[in-house]
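**Q** Can you read through this structure? Questions will come right after.
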Amino acid sequence: LALAEGVGHYLGVPLCNAKVTRFADSEVSVEVLDMVRGRDVFLLQSVSRGFPGSSVNDSLMELVLFVSALRRASAQSVTVILPYYGYARQDRRMTQAAIAAADVAQ
């Protein structure tokens, strides 16, 4: 959050309010609380371990849900900025293996 606040302050734009809820079974729920209809939205989120006991997969799912919520809220565009990109080390060609970084980028 500190990085996003610093970028927002530098650019002179406010951060959007959002609510992230984690359930007992580790499911995550994301809710965008501000009106983003027709706006260009920049989502700054690292795909790494975000809280104790979390995994890269938890952060990735949260990111996917944020993008989905912003699209459903009719944002003009959604640009994701990843300071750390989990799965990047797997972006190598191997026989019969998925290239995870390319799959995640889609």
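Under the numbering used here, the final residue of the sequence shown carries the number 125; numbering is consecutive throughout.
Every residue gets a Cβ at the ideal spot worked out from N, C-alpha and C, and that includes glycine.
Put Tyr29 into one of helix, strand or coil per three-state DSSP.
**A** As a first step, residue 29 must be located in the sequence shown, where it is residue number 10. If DSSP states are grouped into helix, strand and coil, Tyr29 belongs with the helices.
**Q** Span of the beta strand (DSSP E) holding Phe85?
**A** Working through the sequence shown from its first residue, we reach residue 85 at position 66. Note, Phe85: premise wrong, no beta strand (DSSP E); alpha helix (DSSP H) at Val75 to Arg91.
**Q** Does the pairing of the segment 48-62 with the segment 85-92 give three or more beta-carbon distances under 8 Å?
**A** Touching, yes.
**Q** Which residue marks the beginning of the beta strand (DSSP E) containing Val51, and which one marks its end?
**A** The residue labelled residue 51 in the question sits at position 32 within the sequence shown. Element bounds for Val51: Val47 to Val51.
**Q** Keeping to the same chain, check which residues put their C-beta closer than 8 Å to that of Leu62; ignore five residues upstream and five downstream.
**A** Residue 62 sits at position 43 when you count from the first residue of the sequence shown. Excluding positions up to five away in sequence, the list reads Leu82, Phe85, Val86, Leu89, Val97, Thr98, Val99 and Ile100.
**Q** When DSSP builds the beta bridges, which residues end up paired with Val60?
**A** Stepping through the sequence shown from its first residue, residue 60 is reached at position 41. According to DSSP, which records beta bridges pairwise, Val60 is partnered with Val97.
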